[in-house]
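S.K.: Let me begin by handing over the structure; questions about it come next.
There are 2 protein chains.
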Amino acid sequence: MDENQALTAFAAISNQTRLRIVRMLVIIGAGGRSAGAIAEALGGAPASRISFHLNQLEESGLVESRREGRSIIYSAIFPALSDLVAFLMRDCCEGHCAVCDKAIALFAKCTGRPTDPVD
Amino acid sequence: MDENQALTAFAAISNQTRLRIVRMLVIIGAGGRSAGAIAEALGGAPASRISFHLNQLEESGLVESRREGRSIIYSAIFPALSDLVAFLMRDCCEGHCAVCDKAIALFAKCTGRPTDPVD
DNA sequence: TCATTAGTTCAACACAATTTGAAATATAGT
DNA sequence: ACTATATTTCAAATTGTGTTGAACTAATGA
Numbered sequence: 001m002d003e004n005q006a007l008t009a010f011a012a013i014s015n016q017t018r019l020r021i022v023r024m025l026v027i028i029g030a031g032g033r034s035a036g037a038i039a040e041a042l043g044g045a046p047a048s049r050i051s052f053h054l055n056q057l058e059e060s061g062l063v064e065s066r067r068e069g070r071s072i073i074y075s076a077i078f079p080a081l082s083d084l085v086a087f088l089m090r091d092c093c094e095g096h097c098a099v100c101d102k103a104i105a106l107f108a109k110c111t112g113r114p115t116d117p118v119d
Numbered sequence: 001m002d003e004n005q006a007l008t009a010f011a012a013i014s015n016q017t018r019l020r021i022v023r024m025l026v027i028i029g030a031g032g033r034s035a036g037a038i039a040e041a042l043g044g045a046p047a048s049r050i051s052f053h054l055n056q057l058e059e060s061g062l063v064e065s066r067r068e069g070r071s072i073i074y075s076a077i078f079p080a081l082s083d084l085v086a087f088l089m090r091d092c093c094e095g096h097c098a099v100c101d102k103a104i105a106l107f108a109k110c111t112g113r114p115t116d117p118v119d
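The following block contains the structure:
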């Protein structure tokens, strides 16, 4: 992931509606969710508004879509999110592993595998 | 870190100038760097422009400043960056550890301690 | 105190992002 | 072919962000 991709991705998730969509899609997983269901889950926002944000997310490379009958199903692109986390950790790891400590603790908790504390 | 803090932080690093400043300050470490030195490192941008971006970063909670003689020294707030990485990893870890794989691999490489692959 | 250096603040402008509702498109069922 | 459903596209209005240079404030040293 280069600087421009990271900038676009950060811009994508710096909007409340879009951040909520991404988090929703990550939790839902590969199956994804239709534009309409996303709009409903977001409190019944106008369709055109959700469509606008879904398009932004798709252009940012964090989300993808497929048509399924009348619906268009959106889902998170996990490798892209993974790259974004890695981008955020990269610099810090070139000298300051302390930036990663909470992330690593979280990972250890999630996998059940203990991880040594950071120096 | 709550949603609003995350949104503000992502907005802060979704601008090229600000992202470069943050990365610079992370690499430099606790000692920090003066506003003027930052402006120079960024190719001699106008002081008022850099001041604007430094102020945005400070308001976002990612950076702090202290006066030292005539200079004002800016430095990264490492716990804030750590929280931001953790925020990005939180959802994914509630179900989809695959999002964290690259980050973990990077961490293993940086610390020299191998980490088991993600399920 | 005066001049110099280091940064910030301000107002004005330009440009980009967001929201809305109405109109258009695509698919499915009758 | 017709109707209903699902979603996108468009234009217009609004709001937010970033840039600039000039004026301002703070600290240092002669």
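So the protein lines, in turn, are chains A and B. Here the UniProt record's numbering is used: position 86 in the first sequence is 86, and no number is missing along the way. Here the UniProt record's numbering is used: position 16 in the second sequence is 16, and no number is missing along the way. By construction, the Cβ of each residue, glycine as well, lies at the ideal position given by its N, Cα and C atoms. All of these numbers come straight from a predicted model, not from anything done at the bench.
Report yes or no: is there a C-beta of chain B within less than 8 Å of the C-beta of A/A11?
M.R.: Against the first sequence, residue 11 of chain A aligns to sequence position 11. Yes - at least one Cβ of chain B is within 8 Å of the one on A/A11.
S.K.: Compute the distance between the beta-carbons of A/V85 and B/L88, then report whether it is under 8 Å.
M.R.: What you label residue 85 of chain A is simply residue 85 of the first sequence in a count that begins at 1. What you label residue 88 of chain B is simply residue 88 of the second sequence in a count that begins at 1. Closer than 8 Å, so yes.
S.K.: Is there a C-beta anywhere in chain B that falls below 8 Å from the one on A/S65?
M.R.: Against the first sequence, residue 65 of chain A aligns to sequence position 65. Chain B, which has no Cβ nearer than 8 Å to the Cβ of A/S65, makes this no.
S.K.: Would you mind telling me which residues of chain B sit closer than 9 Å to A/Q56, beta carbon to beta carbon, in chain order?
M.R.: Position 56 of the first sequence, counted from the start, is the residue given in the question as residue 56 of chain A. Chain B residues near A/Q56: none, gap ~12 Å exceeds 9 Å.
S.K.: In or out: A/A30 buried (at least 16 other Cβ within 10 Å) or exposed?
M.R.: Against the first sequence, residue 30 of chain A aligns to sequence position 30. By the neighbour-count rule (16 or more Cβ atoms within 10 Å), A/A30 is not buried but exposed.
S.K.: Using 8 Å for Cβ pairs, my map puts B/I77 next to B/G32. What's the rounded Cβ distance?
M.R.: Translated into the one-based positions of the second sequence, residue 77 of chain B becomes position 77. Translated into the one-based positions of the second sequence, residue 32 of chain B becomes position 32. Not a contact, Cβ separation roughly 11 Å.
S.K.: Curious, which full-length alpha helix (DSSP H) runs of at least 4 residues does the UniProt domain "HTH arsR-type" (1-96) of chain A contain?
M.R.: Here the runs fully enclosed are 3-12, 16-28, 35-41, 47-60 and 78-93.
S.K.: Does the segment 38-50 of chain A come into contact with the segment 33-53 of chain B, if we say contact requires no fewer than three beta-carbon pairs (one atom in each stretch) closer than 8 Å?
M.R.: No, the segment 38-50 of chain A is not in contact with the segment 33-53 of chain B.
S.K.: Counting only C-beta atoms, is A/L42 closer than 8 Å to chain B at any point?
M.R.: What you label residue 42 of chain A is simply residue 42 of the first sequence in a count that begins at 1. So, not an interface residue.
S.K.: Just mark B/I13 as buried or exposed, buried being the case when its beta carbon has 16 or more other beta carbons within 10 Å.
M.R.: Here residue 13 of chain B is taken as the residue at index 13 of the second sequence, counted from 1. Burial call: buried.
S.K.: Counting contacts by CB-CB distance shorter than 8 Å, is A/L84 in contact with chain B?
M.R.: Looking up residue 84 of chain A in the first sequence gives position 84. Yes, A/L84 counts as interfacial toward chain B.
S.K.: Compute the Euclidean distance between the alpha carbons of A/A1 and A/S60, then round it to the nearest angstrom.
M.R.: Residue 1 of chain A sits at position 1 when you count from the first residue of the first sequence. Residue 60 of chain A sits at position 60 when you count from the first residue of the first sequence. Correcting the residue identity first, residue 1 of chain A is Met in this sequence and not Ala. So the alpha carbons of these two residues sit roughly 12 Å apart.
S.K.: My assumption, with CB atoms under 8 Å, is that A/L54 sits in contact with A/I27. Please give the rounded CB distance.
M.R.: Reading the first sequence from its first residue, position 54 is the one you call residue 54 of chain A. Reading the first sequence from its first residue, position 27 is the one you call residue 27 of chain A. About 17 Å; that fails the 8 Å criterion.
S.K.: CB B/L25 to CB B/S75, shorter than 8 Å?
M.R.: On the second sequence, position 25 is the one that residue 25 of chain B refers to. On the second sequence, position 75 is the one that residue 75 of chain B refers to. Cβ atoms of B/L25 and B/S75: closer than 8 Å.
S.K.: Where does B/F10 land, buried or exposed, given buried means 16+ other C-beta within 10 angstroms?
M.R.: Your numbering for residue 10 of chain B matches position 10 in the second sequence. It counts as buried.
S.K.: Here's a check: name, in chain order, each residue in its chain whose Cβ is nearer than 8 Å to the Cβ of B/V63, leaving out the five neighbours to either side.
M.R.: What you label residue 63 of chain B is simply residue 63 of the second sequence in a count that begins at 1. Excluding residues within five positions, the ones whose Cβ falls inside 8 Å are I21, V22, L25, L54, L57, Y74, S75, A76 and I77.
S.K.: Could you tell me the alpha carbon to alpha carbon distance between B/T8 and A/E68, rounded to whole angstroms?
M.R.: Against the second sequence, residue 8 of chain B aligns to sequence position 8. Against the first sequence, residue 68 of chain A aligns to sequence position 68. Going by the C-alpha atoms only, they are around 35 Å apart.
S.K.: Kindly list, in the order they appear in chain A, the residues whose Cβ is closer than 9 Å to that of B/L88.
M.R.: Here residue 88 of chain B refers to the residue found at position 88 of the second sequence. Result: I13, L81, L84, V85, L88 and A103.
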